[in-house]
Amino acid sequence: IAIANHPNFKGQISAQDLIDSGVGFFEVYNAYPHSKNFGGGSQPSTEALWDEVLSRGALLYGVASDDAHHTKTWNAALKERLGIRAPAGGGWIMVRAPELTPAALAAALRAGDFYASSGVHLASLAYDAARGLSLSVDLDATAAEVAHDYVQAPARASTDPGGITIDFVTRGGRVAKSVAGPSAHVALEGLEGYVRARVTYVAHGKAFYAWTQPIRLD
C-alpha cells in the first residue's frame, strides 16, 4: 500500500500529482509541526487538496500519522533547540477488520473501511445506499485519549469553548450538513460526487479530529 506522505511539507504535492500518480492514500493529517495540514498563504489545506482530487473523480483515502521523530529524551532536546515537538501518538488510523492480520488489515484499508484520527474515537460508523451515512463519537474513549500530553502536543490550538461538531462534506469541499453533538446522519439526496465526514472535538484549548473515508456517489 503506497501513501503520499505530508503533501504540504514544503509544498511538495499538488492535486494533479496525486491524480497522475494513481496513489490510493495520502496523509490528510501529519502531526509533525511543519506539515502545514491547514495550509497557509497561497497553500491550500490538505482537506482542500483532498476535496479537489475527489471532485475531479479520483478516489483517494485519507490517513493520519504521528510522524514521530524522537523518543522522549530526543524530543525534549528538539523542543529546546527548535521549539517544536514530534512525539509518538499524535495521529493514527482505526481499521475495521475481521481479524488482526496483515492481510485482513490491508484488505480493509483498500476497501476504505477505516477512519483517520488525531484524537477522536468513533463509537459507530455506518453507510447504507438507501439511508445515508451515520456516525457517533465515543465520548469516554475520546476524552481519555486527548488527555494525554503526547496527543495534545501536536494538536492545533483552538479558541472555541469546547464541544463536538460533525460536518458532512461533498463535491467541491461543500459542507452539506453540520451537526453540533456526538452523533449525526446525512441522507444522500441532493449530494453530488462523494460524501465524507469530519469530526471536530475541542478540549484543553486544542482541536482534535476524525476523518471518515469518502463514499463515491456517482
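No gaps in the numbering here: position 169 of the sequence shown is 226 in the numbering used here, and each next residue is one more. Even for Gly, the Cβ is constructed at its ideal location relative to N, Cα and C.
- Name the DSSP bridge partner or partners of Val252? Position 195 of the sequence shown, counting from 1, holds the residue named residue 252. Partner(s): Thr227 and Ile272.
- Specify whether the region 100-110 and the region 168-188 touch according to this definition: at least 3 beta carbon pairs, one from each stretch, less than 8 Å apart. Counting C-beta pairs with one atom in each stretch, the region 100-110 and the region 168-188 have fewer than three that are closer than 8 Å, which means they do not touch.
- Collapsed DSSP secondary structure at Val236 in the structure displayed: Taking the sequence shown and counting its residues from 1, one reaches residue 236 at position 179. Of the three classes helix, strand and coil, the one that applies to Val236 here is strand, per DSSP.
- Message: Please state whether the Cβ-Cβ distance between Ser175 and Pro211 is less than 9 Å.
- Response: Residue 175 sits at position 118 when you count from the first residue of the sequence shown. Residue 211 sits at position 154 when you count from the first residue of the sequence shown. Against a cut-off of 9 Å, the Cβ pair of Pro211 and Ser175 comes out as a contact.
- Task: Check Lys263 in the structure and name its three-state DSSP category.
- Result: In the sequence shown, the residue the question calls residue 263 occupies position 206. Correct three-state label for Lys263: strand.
- Comparing alpha-carbon positions, which option in Tyr184, Val208 and Gly220 lies nearest Ile272? Counting from 1 along the sequence shown, the entry for residue 272 is found at position 215. Nearest of Tyr184, Val208 and Gly220 to Ile272, Cα basis: Tyr184.
- For Asp108, name the three-state secondary structure that DSSP assigns. Counted from its first residue, the sequence shown places residue 108 at position 51. Three-state DSSP puts Asp108 in a helix.
- Query: Arg253 and Phe225: beta carbons closer than 9 Å?
  - Reply: Locating residue 253 in the sequence shown gives position 196, counting from the first residue. Locating residue 225 in the sequence shown gives position 168, counting from the first residue. Yes, Cβ-Cβ distance for Arg253 and Phe225 is below 9 Å.
- Message: Quick check on Tyr207: does DSSP put it in helix, strand or coil?
- Response: Residue 207 sits at position 150 when you count from the first residue of the sequence shown. When DSSP states are grouped into helix, strand and coil, Tyr207 belongs to the helix group.
- Near Leu117, what residues of its chain come up, given a Cβ to Cβ distance below 8 Å and the 5 sequence neighbours on each side ignored? Counting from one through the sequence shown, the residue named residue 117 turns up at place 60. Closer than 8 Å at Cβ, skipping near neighbours: Leu75, Val80, Gly81, Phe82, Phe83, Trp107, Val110, Leu111 and Pro271.
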